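Participant: Residue numbers (this note's numbering): 423 to 568.
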């Protein structure tokens, strides 16, 4: 039994030595992956907090530099057959605005006896709407609703 085992070991040595020839060539590096958009959003891009903030450099002078959240409607007057509104900004300055005037984040759509109707621009990338209609009421009417 020992001789048979020794004989098998002697025969097996040359086969293992032949199997250990030159190492195989290194495999080619894989091509880098490129994401094709095809109308879809990038799944690896952060969608939270990517909206643009209206910085001080983008703001205009006067009422055009005020956002909708910074203004309060102080009065509505009739001038030359149309309604105009008197608004007050966060800086306690008063401005007179007409329908079509621009704010920092929207456009005054109409002036009504109750207040303003503003088309506000939405900078939320997750929202399907790009504008929304906001009613800014006279301050005296806002207090009566509460």
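Yeah, the Cβ is synthetic: ideal placement off N, Cα and C, and Gly gets one too.
Everything numeric in this text was worked out from a predicted model, so none of it was measured.
Check whether the segment 507 to 519 touches the segment 484 to 499, taking contact to mean three or more Cβ pairs, one atom from each stretch, closer than 8 Å.
Facilitator: Yes: at least three Cβ pairs fall under 8 Å.
Participant: With DSSP as the reference, please indicate the residues paired to residue 543 in a beta bridge.
Facilitator: Answer is 553, bridged to residue 543.
Participant: I'd like the span of the beta strand (DSSP E) that includes residue 495, first residue to last.
Facilitator: Residues 494 to 501.
Participant: Is DSSP giving residue 477 helix, strand or coil here?
Facilitator: Summary for residue 477: the model assigns pLDDT 49, below 50, so the residue's position carries little reliability; its value from the coordinates is reported in the next sentence. Coil.
Participant: Rounded to whole angstroms, what's the CA-CA distance from residue 502 to residue 466? Just pull it up for me.
Facilitator: So the alpha carbons of these two residues sit roughly 56 Å apart.
Participant: What does residue 517 pair with, by DSSP beta-bridge criteria?
Facilitator: Residue 517 pairs with 509.
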